[in-house]
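J.: Residue numbers (mature numbering (1 follows the signal peptide of the UniProt record, and there is no 0)): -18 to -1, 1 to 457. Pasting a structure below so you can have a look.
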Amino acid sequence: MRYRPLLFALSLVAYSLAADSMAAAAHAAGPAVSGPQANGQRSVAVRIDLEASGVIGAAEEDKQPNAMAGAKQPAGRPFQLAAQFAYTETPLAPAAGAEDGAASLRVLRDYRTAEATITVGKTKLKPRLAESNQLLAVESTDRGLRFASLAGPLTREELDLVMALANPIAADRLIPTGPLREGMTWELGARALGPLVALESVTLGEASGVVDAVSGRYARLRFAGAVHGLLDGAETEYDLEGVALLDRRTNRLTRLNLGVAERRAEGPATPAMRTKAKARITFASAGDNRPGQSGDAIAEANRRLDSDEERRLALLEPGAGVLLLHDAAWRPAGVTREAVTLKRVAGEELVGQTTLRRLPPKRIERQPTVEEFANEMRRTLADHSPRIGKTEQWTSPGGERCLRIVSHGVLDGSPVEWRHGLVIAAEGGPSVSFATTIYGTAEALGEADRELQDALRFTDAGPTEQAKLPGDTVR
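Right under this line is the structure:
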């Protein structure tokens, strides 16, 4: 099972920034006007230290009595996480033609560090961002965060890593507008809070802030509130508190300490979770002439964010012998040496599940015709009253031969649609089968399963070759 621990929320722990340290750093700054609109387009060096712990599965308060055994269900699996990120962030212009420029934020990040250690039971994972993917274009919209590497596709593991909670792309929106005075309050909404917790959509975003102290050049800000929305299609609630130090001269946050508690319901492709964690974020001037500030890199960043194909993810499992490019709506649900299962989520609904399996050599000595493939599917589905609705064959953009059968039948007394596919290497070598079950309507899945067949490539890449995915680095 795969987890998304870097999207877990942080615990309700607010870290104080001492007033005496502000006073020691303060000097005469004159009147200062705060707020996002006063902030210029400057690169900033960001460092994030994140710690989290919690339970994957049923939380303590979710235990249900077991009438047969007279006991409660297990409380789930505990986990711990520690992650570090360091990067330079350069603002980009909002997306061309965006309906609401205030909702769109684009930046180019040049990562130096992006790594984590995750412990679940006796299992320890250490995901990290590949060196070739350290230059990333990032966009925040009302529909969540989007990432694109300038070197080629990210893996799902890399995407989950950089989509860490406490994402400060919209940190300027936490700053109150107008002249600051001690004790003044302001309200924060979804566009300020949603990006912090990397939600796909926000249904509630409310927090209140207060200027806790003003001392010369610096001001200490506090805020607390709640954010609700969808994450991986699951209803998720966050309670959060934060303490920030604002440099009034530059109108930049220099430090942000954040605490959040997460309550996530079971989703269509993810388990329920309860998490507490803490984040410490620092901001500093990045200086000039960073690699990610070149005109070529900025132009390429915008091009990739505008392209759905450039934001696809790469699934390359050691020993599987295939490379699959897919959009982020497909989520890995099970991976073995022989097969990969993906679930497709739209909103809160599971709309389809696909299992890819590399066929043994004895199955591919002779390439089947589409009619033979359809007959094989009739035999496979014989217990479900199958009716073949559509057959097709074509050559993929990579030159592979593709077959696809759409069939209808009955499963557990209900009508169901299956889609079976076969991709055969151009030289008549290895082949991969696709078996897709549709949940809900066929319209919701659309042609997503066919697009997977089009995007599959055969490769001999091993574990050390994952960084050598298609693409050219632009620095």
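Just so it is clear, CB atoms sit at the ideal spot from N, CA and C, and this is done for glycine as well.
Helix or strand or just coil, what does DSSP make of Leu63?
T.: Locating residue 63 in the sequence shown gives position 81, where the first residue counts as 1. In the structure shown, Leu63 sits in a strand (DSSP, three-state: E or B).
J.: Determine, using beta carbons only, whether Arg202 and Val225 come nearer to each other than 9 Å.
T.: Here residue 202 refers to the residue found at position 220 when the sequence shown is read from its first residue. Here residue 225 refers to the residue found at position 243 when the sequence shown is read from its first residue. Against a cut-off of 9 Å, the Cβ pair of Val225 and Arg202 comes out as a contact.
J.: Between Arg294 and Pro135, is the Cβ-Cβ spacing less than 9 Å?
T.: The sequence position of residue 294 within the sequence shown is 312, counting from 1. The sequence position of residue 135 within the sequence shown is 153, counting from 1. Their beta carbons are under 9 Å apart, which means Arg294 touches Pro135 by this criterion.
J.: Can at least three beta-carbon pairs, one atom from the segment 372 to 392 and one from the segment 400 to 414, be found at a separation below 8 Å?
T.: Short answer: they touch.
J.: Output the boundary residues of the alpha helix (DSSP H) element that contains Leu332.
T.: Position 350 of the sequence shown holds residue 332. Segment 331 to 340 is the beta strand (DSSP E) holding Leu332; no alpha helix (DSSP H) there.
J.: Identify, in the order they occur along the chain, each residue of the same chain with its Cβ nearer than 6 Å to the Cβ of Arg439, setting aside the five sequence neighbours on each side.
T.: As a working mapping, residue 439 is identified with position 457 in the sequence shown. Counting only Cβ-Cβ distances below 6 Å, and skipping sequence neighbours, we find Leu305, Gly380.
J.: At the level of alpha carbons, what is the spacing between Met(-18) and Pro158?
T.: Locating residue -18 in the sequence shown gives position 1, where the first residue counts as 1. Locating residue 158 in the sequence shown gives position 176, where the first residue counts as 1. With a pLDDT of 35 at Met(-18), under the threshold of 50, the modelled position of this residue cannot be trusted; read the value that follows with caution. Near 42 Å, if we compare the C-alpha coordinates of Pro158 and Met(-18).
J.: Are Val192 and Asp221 closer than 9 Å when you measure CB to CB?
T.: For this step, residue 192 is matched to residue 210 along the sequence shown. For this step, residue 221 is matched to residue 239 along the sequence shown. Not in contact: Val192 and Asp221 (Cβ atoms no closer than 9 Å).
J.: Please tell me whether Leu212 and Gly187 are closer than 9 Å, where the distance is taken between their beta carbons.
T.: On the sequence shown, position 230 is the one that residue 212 refers to. On the sequence shown, position 205 is the one that residue 187 refers to. No, they are not a contact pair.
J.: What's the gap between the Cα of Lys260 and the Cα of Asp124?
T.: Indexing the sequence shown from 1 puts residue 260 at position 278. Indexing the sequence shown from 1 puts residue 124 at position 142. Cα-Cα distance, rounded: 25 Å.
J.: Give me the DSSP bridge partner(s) of Leu32.
T.: For the purposes of this step, residue 32 is taken as the residue at position 50 of the sequence shown. Leu32 pairs with Ala65, Ala261.
J.: For a minimum of 3 consecutive residues, which ranges assigned as the beta strand (DSSP E) are wholly contained in the segment 228 to 253?
T.: Listed in chain order, the complete beta strand (DSSP E) runs (minimum 3 residues) inside the segment 228 to 253 are 234 to 246.
J.: Whose C-beta lies closer than 6 Å to the C-beta of His210 among residues of the same chain, with five residues either side of it excluded?
T.: As a working note, residue 210 is residue 228 in the sequence shown. Once the five neighbours on either side are set aside, the close Cβ partners of His210 are Thr185, Leu186, Glu219.
J.: Report the start-end ranges of each alpha helix (DSSP H) in the segment 405 to 434 that is 4 residues or longer and not cut off at the edges.
T.: DSSP runs (the alpha helix (DSSP H)) wholly in the segment 405 to 434: 424 to 427.
J.: Strictly by DSSP, which residues pair up with Thr72?
T.: Sequence index remark: in the sequence shown, residue 72 carries index 90 (1-based). Leu90, per the DSSP bridge assignment.
J.: Please confirm whether Ser231 and Arg199 have their CB atoms less than 9 Å apart.
T.: Numbered from 1 along the sequence shown, position 249 holds the residue referred to as residue 231. Numbered from 1 along the sequence shown, position 217 holds the residue referred to as residue 199. According to the sequence provided, residue 231 is Arg. The question's Ser does not apply to it. Going by C-beta atoms, Arg231 is nearer than 9 Å to Arg199.
J.: Once you ignore the five residues that flank Ala172 on each side, which residues in its own chain have a CB closer than 7 Å to its CB?
T.: By 1-based counting over the sequence shown, the position of residue 172 is 190. Excluding sequence neighbours, Ala172 sits near Val184, Gly187.
J.: Across which residues does DSSP place Pro314 in a beta bridge pair?
T.: Looking up residue 314 in the sequence shown gives position 332. Leu324, per the DSSP bridge assignment.
J.: Compute the distance between the beta-carbons of Ala150 and Leu235, then report whether it is under 9 Å.
T.: Indexing the sequence shown from 1 puts residue 150 at position 168. Indexing the sequence shown from 1 puts residue 235 at position 253. Checking the displayed sequence, the identity of residue 150 turns out to be Pro instead of Ala. Contact flag set, yes.
J.: Is Ala437 helix, strand or coil when you go by DSSP?
T.: Counting from 1 along the sequence shown, the entry for residue 437 is found at position 455. In this structure, Ala437 counts as helix in the three-state DSSP scheme.
J.: Apart from the five residues just before and just after Leu143, which ones in its own chain have a Cβ nearer than 8 Å to its Cβ?
T.: Numbered from its first residue, the sequence shown carries residue 143 at position 161. Same-chain partners within the cutoff: Leu(-13), Ala65, Ala96, Glu97, Ala98, Pro109, Arg110, Leu111.
J.: Looking at Val392 and Thr419, is the spacing between their C-beta atoms short of 9 Å?
T.: For the purposes of this step, residue 419 is identified with residue 437 of the sequence shown, where counting begins at 1. For the purposes of this step, residue 392 is identified with residue 410 of the sequence shown, where counting begins at 1. Cβ distance not < 9 Å, so Thr419 and Val392 don't count as in contact.
J.: Label Lys104 either buried or exposed according to how many other C-beta atoms from any shown protein chain fall within 10 Å of its C-beta, with 16 as the threshold for buried.
T.: As a first step, residue 104 must be located in the sequence shown, where it is residue number 122. Lys104 comes out exposed.
J.: Can you give me the Cβ contacts of Asp229 inside the same chain, cut-off strictly under 8 Å, excluding the 5 residues immediately before and after it?
T.: Looking up residue 229 in the sequence shown gives position 247. The residues are Arg199, Tyr200, Leu235, Thr236.
J.: Take the Cβ of Pro250 as the centre, count every other Cβ of all protein chains shown within 10 Å, and call the residue buried at 16 or more, exposed below.
T.: Position 268 of the sequence shown holds residue 250. It is buried - the Cβ of Pro250 has at least 16 other Cβ atoms within 10 Å.
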